[in-house]
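In case it helps, full-length UniProt numbering puts the sequence shown at residues 1 to 724.
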Amino acid sequence: MARQIPLAPSAPWFRLELEEADWSEEKAQDLVHWYGQMLLIRRFEEKLLDLEKAGLIHGPAHASIGQEAGAVGAMSALDTHDKINGTHRAHHQVLLKLLNPSVPGGFDIRKDAFTPGMDDAIYRFMAEIMGLTPGYCGGRGGSMHMRFAGAGVVGTSAIVGGNPPHAAGYALADKMLGRDHISVAFFGDGAAQNGASYEAMNIAAAQNLPVIFFIENNLYGVATHISDVTRETRLSSRGAMLGIAAIECDGMDVVAVHRAMVEARRIIRETGGPVVVEALCYRHFHQSGSRTGSDFGYRTKEEEASWRERDPITLAEARLVALGLLSAEQLAHIDALVSDRVASAAARLTEPVPGGNALRIPHGLWPDPATRDHGILGNLSELACKRMLDHGDMRPDAMEKVKFVTAASETLAAAMARDPRIIVMGEDAHQMRGGVSGFTKGALERWPERVLPMSIAENGFTGVALGAALNGLRPIVEIMFGDFCFTAADQVANGVGKVRHMFGDGFPVPIVLRVRISPHTGYGSQHSGDPSALFGMFPGWRIVTPSNAFDYIGLMNSALACDDPVVVFEHTELYQKEFDVPIGDREFCIPFGSARIVRPGSACTVLATSVMVQNAVKAAEEAGVDAEVIDLRNIDHHGIDWALIGHSIDKTGRVVIAEQTARSLSMGGTWAAEIQERFFDCLDHEILRVTGGLAAPTVSAALNRAALATVADVRDTLLRIAEK
Numbered sequence: 001m002a003r004q005i006p007l008a009p010s011a012p013w014f015r016l017e018l019e020e021a022d023w024s025e026e027k028a029q030d031l032v033h034w035y036g037q038m039l040l041i042r043r044f045e046e047k048l049l050d051l052e053k054a055g056l057i058h059g060p061a062h063a064s065i066g067q068e069a070g071a072v073g074a075m076s077a078l079d080t081h082d083k084i085n086g087t088h089r090a091h092h093q094v095l096l097k098l099l100n101p102s103v104p105g106g107f108d109i110r111k112d113a114f115t116p117g118m119d120d121a122i123y124r125f126m127a128e129i130m131g132l133t134p135g136y137c138g139g140r141g142g143s144m145h146m147r148f149a150g151a152g153v154v155g156t157s158a159i160v161g162g163n164p165p166h167a168a169g170y171a172l173a174d175k176m177l178g179r180d181h182i183s184v185a186f187f188g189d190g191a192a193q194n195g196a197s198y199e200a201m202n203i204a205a206a207q208n209l210p211v212i213f214f215i216e217n218n219l220y221g222v223a224t225h226i227s228d229v230t231r232e233t234r235l236s237s238r239g240a241m242l243g244i245a246a247i248e249c250d251g252m253d254v255v256a257v258h259r260a261m262v263e264a265r266r267i268i269r270e271t272g273g274p275v276v277v278e279a280l281c282y283r284h285f286h287q288s289g290s291r292t293g294s295d296f297g298y299r300t301k302e303e304e305a306s307w308r309e310r311d312p313i314t315l316a317e318a319r320l321v322a323l324g325l326l327s328a329e330q331l332a333h334i335d336a337l338v339s340d341r342v343a344s345a346a347a348r349l350t351e352p353v354p355g356g357n358a359l360r361i362p363h364g365l366w367p368d369p370a371t372r373d374h375g376i377l378g379n380l381s382e383l384a385c386k387r388m389l390d391h392g393d394m395r396p397d398a399m400e401k402v403k404f405v406t407a408a409s410e411t412l413a414a415a416m417a418r419d420p421r422i423i424v425m426g427e428d429a430h431q432m433r434g435g436v437s438g439f440t441k442g443a444l445e446r447w448p449e450r451v452l453p454m455s456i457a458e459n460g461f462t463g464v465a466l467g468a469a470l471n472g473l474r475p476i477v478e479i480m481f482g483d484f485c486f487t488a489a490d491q492v493a494n495g496v497g498k499v500r501h502m503f504g505d506g507f508p509v510p511i512v513l514r515v516r517i518s519p520h521t522g523y524g525s526q527h528s529g530d531p532s533a534l535f536g537m538f539p540g541w542r543i544v545t546p547s548n549a550f551d552y553i554g555l556m557n558s559a560l561a562c563d564d565p566v567v568v569f570e571h572t573e574l575y576q577k578e579f580d581v582p583i584g585d586r587e588f589c590i591p592f593g594s595a596r597i598v599r600p601g602s603a604c605t606v607l608a609t610s611v612m613v614q615n616a617v618k619a620a621e622e623a624g625v626d627a628e629v630i631d632l633r634n635i636d637h638h639g640i641d642w643a644l645i646g647h648s649i650d651k652t653g654r655v656v657i658a659e660q661t662a663r664s665l666s667m668g669g670t671w672a673a674e675i676q677e678r679f680f681d682c683l684d685h686e687i688l689r690v691t692g693g694l695a696a697p698t699v700s701a702a703l704n705r706a707a708l709a710t711v712a713d714v715r716d717t718l719l720r721i722a723e724k
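Dropping the structure here:
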């Protein structure tokens, strides 16, 4: 007869229950300090809501009022070098992480004044939320996006589920660089249902990363109760089912959260990590602003009242008084002190409107509108000292024939020998003697521990790579097929593509994406696309498209030395072809922003990318048209070589843009518009574009070939433009 054998998770999963007596086991000064921090958060956010009502905060104010114990309990177990990130509702966590480095040892809120550093943290954080220049990000981040690496705030994310992969990345960097720190991702019940959060937990577990996934379960995602969107409402189960130690605790009790975090650190110390902590809590107000959920009808007044009876500050006051640690006079003193420091910060950021009682923001505190696009990318000064080569610098007797894929593998191995911070992440990257393309062959022979296998979770591991890049590593992420970039689109766009500008610049984001393009192989509509246009929409990316092994070596080395995010598109049609490269040299760079004339001519200018470069040269020969063919190499907004292109157009007066991809994914329309704006007076003919069809390639060989632009398409276009 069949038997049913109960199964249990392989990792510990438990609820941490405390009694009132447990409070007496903590140091008295700690208990008082934690109470003062909770009250500071409360008064800070109440002031924010007042400022919002007065029209002095542009955008939302997601208050954490009611959830202070989770932040204070968590921060009590962290030091300055530990990293955190949060979500759109992160005031409580971020304020303390910014403040704590300036709190003197032995600080006693019952009798000590705030230091200038503590006051400055309150002032600068409030300024950031108000969108003002004194803010930590110069006002660009506001309430939902905050970064100050000096205090361990590596970057919050307003995208639900966007931040857990980053925290796993911070932990990956700390682990690989030998730093004894932990990272904490704070997110809510809504994000616990998100795929990126699951992917981040799974990757962290597979890699044994020192990261805590701290779930603030306040029961509601905006207005939707957790029971409406998941059957298993015990969210700590998400960790247990992935082999991660998981702890549930009372998020309204600061000591309970403190104990859970101390236990999480112990588990990480003994096992390497990760750990999930679920704090059961409740936000007193609606998703944003100062109205209650019952005002909108999704919560009852009775439910709200029952949770307010368990308010973490009220609970702490009662217990501290019962323990004889605070008197009514001392409670009033602490309240007056924190209220005064918050009011002082607000006063520095506002002024009375002349002739009235209203407040306004002083004009001098606003960011200069002229700086709106500053800091999207760096200035490439890090490449100034690199050894640059290009085709024209080489003698024929100094060259050797090498396959594209071999040059790629040798270039990676040479780069990893130079820089121990370079790692490789990707699906199957550690298998098949070099992954699916052979790229990691040389790396696996020498540094297998720096080639990390990833689950089939592009969004998750791209986010992990971003976090690692923000914390000291220089990751290379392999995307197996171009279409898979769209499964990573959140991290490509909202993460990597915006992080530098959003947080006010001044820090590197050294991540390289290798994207394989295989439109000709018969893999069909979901494996044959060229997603260049996706990256082109977000100016926080540099985009390169090498058309030969020489350019691949130089452009990849520049990408690996660059402090900006770079995506390198590799066309698999090139992999087994041989090209001339410098004998034994895999360490030179090619400067970004430099296109190359592959075929000089005077009849027209052909702007081509990737495999279309040689297709355009062949088409010109077949058509007998004296076309000047330019290999763009860099195709991002910042890297197009308009000087070279303009000189060519001035000579020819005619332009053809040649791309192999579907017209719907083509970037040529953007380039054509730019050419019209820049060089209209030089044009003697409308700009012609060569692309594939509208739809993605399908499996049928005949339809696959028909979907892509060919030599014949370029030839016919050259004949057409040369007729007039």
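Where is the CB? At the ideal position from N, CA and C, for every residue including glycine.
Mind checking Arg34: buried by the 16 CB within 10 Å criterion, or exposed?
-> The sequence as given places Trp at residue 34; Arg does not occur at that position. So Trp34 counts as buried.
Whose C-beta lies closer than 7 Å to the C-beta of Glu382 among residues of the same chain, with five residues either side of it excluded?
-> Hits under 7 Å: Ala561, Cys562, Asp563.
Secondary structure of Lys618, DSSP reduced to three states = Correct three-state label for Lys618: helix.
For the 8 Å Cβ check, are there 3 or more pairs between the region 208-219 and the region 182-189?
-> Per the Cβ contact rule, the region 208-219 is in contact with the region 182-189 (3 or more Cβ pairs under 8 Å).
At which residue ranges does the region 59-113 contain complete alpha helix (DSSP H) runs of 4 or more residues, listed in the order of the chain?
-> Qualifying alpha helix (DSSP H) stretches, in chain order: 68-75, 91-99.
Could you give the DSSP three-state label for Leu280: helix, strand or coil?
-> Here Leu280 carries a strand assignment [DSSP, helix/strand/coil].
Can you name the residues that DSSP bridges to Asp580?
-> According to DSSP, which records beta bridges pairwise, Asp580 is partnered with Lys401.
Measure from the alpha carbon of Leu16 to the alpha carbon of each residue in Gly529, Pro362, His374, Val262, then state which is nearest.
-> For Leu16, the closest C-alpha among the options Gly529, Pro362, His374, Val262 is that of Val262.
Counting only the same chain and skipping the five closest in sequence on each side, list residues whose C-beta sits under 6 Å from that of residue 732.
-> With the chain represented from 1 up to 724, any question about residue 732 goes unanswered, as that position is not in the structure.
Spatial distance of His520 from Ile635 (CA atoms) = Between His520 and Ile635, the C-alpha separation is close to 22 Å.
So, using beta-carbon positions, are Thr156 and Asn85 closer together than 8 Å?
-> Yes, the Cβ-Cβ distance between Thr156 and Asn85 is below 8 Å.
Distance CB(Gln330)-CB(Arg500) smaller than 8 Å = Taking a C-beta distance under 8 Å as the contact criterion, Gln330 and Arg500 do not qualify as a contact pair.
Over the uninterrupted alpha helix (DSSP H) stretch that includes His33, give me the two end residues.
-> Where His33 is concerned, the enclosing alpha helix (DSSP H) stretches over 28-53.
Assumed close pair Met612, Ala709 - CB separation to whole angstroms, cut-off 8 Å = About 7 Å separates the Cβ atoms of Met612 and Ala709, confirming a contact at the 8 Å cut-off.
What does DSSP give as the partner residues of Glu628 in its beta bridges?
-> Paired residue(s): Thr605.
Assuming Leu280 contacts Glu248 (C-beta within less than 8 Å), just tell me the rounded distance between them.
-> With a Cβ gap of about 7 Å, Leu280 and Glu248 count as contacting.
Around the C-beta of Val655, are 16 or more other C-beta atoms found within 10 angstroms, so that it is buried, or is it exposed?
-> Per the 10 Å Cβ criterion, buried.
Candidates Arg147, Val257, Ser437: which alpha carbon is nearest Tyr125's?
-> First, the residue type needs correcting, since residue 125 is Phe and not Tyr in the sequence shown. For Phe125, the nearest C-alpha among the options comes from Arg147.
Where the alpha helix (DSSP H) through Asp713 begins and ends | Annotation for Asp713: the continuous alpha helix (DSSP H) segment containing it runs 711-723.
Would you call the CB atoms of Ser602 and Glu621 closer than 8 Å?
-> No, these two residues do not count as a Cβ contact at 8 Å.
Burial state of Ser76, where buried means 16 or more other Cβ atoms lie within 10 Å = By the 10 Å Cβ count, Ser76 comes out buried.
Using the Cα positions of Asp585 and Thr230, report the straight-line distance between them to the nearest angstrom.
-> If you draw a straight line from the Cα of Asp585 to the Cα of Thr230, it is about 56 Å long.
Ignore the nearest five residues each way along the sequence and tell me which others in Lys345's own chain have a CB closer than 6 Å to its CB.
-> Reading off the sequence shown, one finds Ala at residue 345, where the question assumed Lys. Cβ neighbours of Ala345 beyond the five flanking positions: Ile122, Tyr123, Met126.
Whole-Å CB distance - Arg140 paired with Gly504, under 8 Å assumed = With a Cβ gap of about 5 Å, Arg140 and Gly504 count as contacting.
Close Cβ partners of Glu587 (< 6 Å) along its chain, the five nearest in sequence each way excluded = Close CB contacts of Glu587 within its chain, under the 6 Å cut and outside five residues either way in sequence, are with Ala414 (chain order).
Contact belief for Arg720 with Leu683 at Cβ below 8 Å, rounded distance in angstroms | Contact doesn't hold; Cβ gap of about 15 Å is too wide.
Taking just the CA atoms, how far does Phe481 sit from Val436?
-> Cα to Cα, Val436 sits roughly 10 Å from Phe481.
Do you know whose CA, among Tyr136, Gly188, Ile590, lies nearest Arg387's CA?
-> Measuring from the Cα of Arg387, the nearest candidate turns out to be Ile590.
Out of Gly162, Ala171, Asp340, which has the shortest C-alpha to C-alpha gap to Ala196?
-> Minimum Cα distance to Ala196 is reached at Gly162.
Mind reading off the beta-carbon distance from Val154 to Lys53? Whole number of angstroms is fine, and I expect it under 8 Å.
-> The Cβ separation is near 32 Å, so there is no contact.
Report the option in Ala173, Arg238, Ala658, Arg283 whose CA atom is closest to the CA atom of Leu607.
-> Of the residues Ala173, Arg238, Ala658, Arg283, the one whose Cα lies closest to the Cα of Leu607 is Ala658.
Can you list, in chain order, the residues of its chain whose CB lies under 8 Å from that of Asn459, leaving out five sequence neighbours each side?
-> These residues qualify, in order along the chain: Pro165, Gly195, Ala196, Glu199, Thr487, Ala488, Ala489, Asp490, Gln491.
Per DSSP, what kind of secondary structure is Lys204 in: helix, strand or coil?
-> Checking the displayed sequence, the identity of residue 204 turns out to be Ala instead of Lys. Reduced to three states, the DSSP call for Ala204 is helix.
Beta-bridge partners of Phe486, as assigned by DSSP | In DSSP, Phe486 forms no bridge with anything.
Keeping to the same chain, check which residues put their C-beta closer than 8 Å to that of His391; ignore five residues upstream and five downstream.
-> Excluding sequence neighbours, His391 sits near Phe550, Arg596.
Arg516: first and last residue of the uninterrupted beta strand (DSSP E) it sits in | It spans 512-517 - the beta strand (DSSP E) in which Arg516 sits, taken as one unbroken run.
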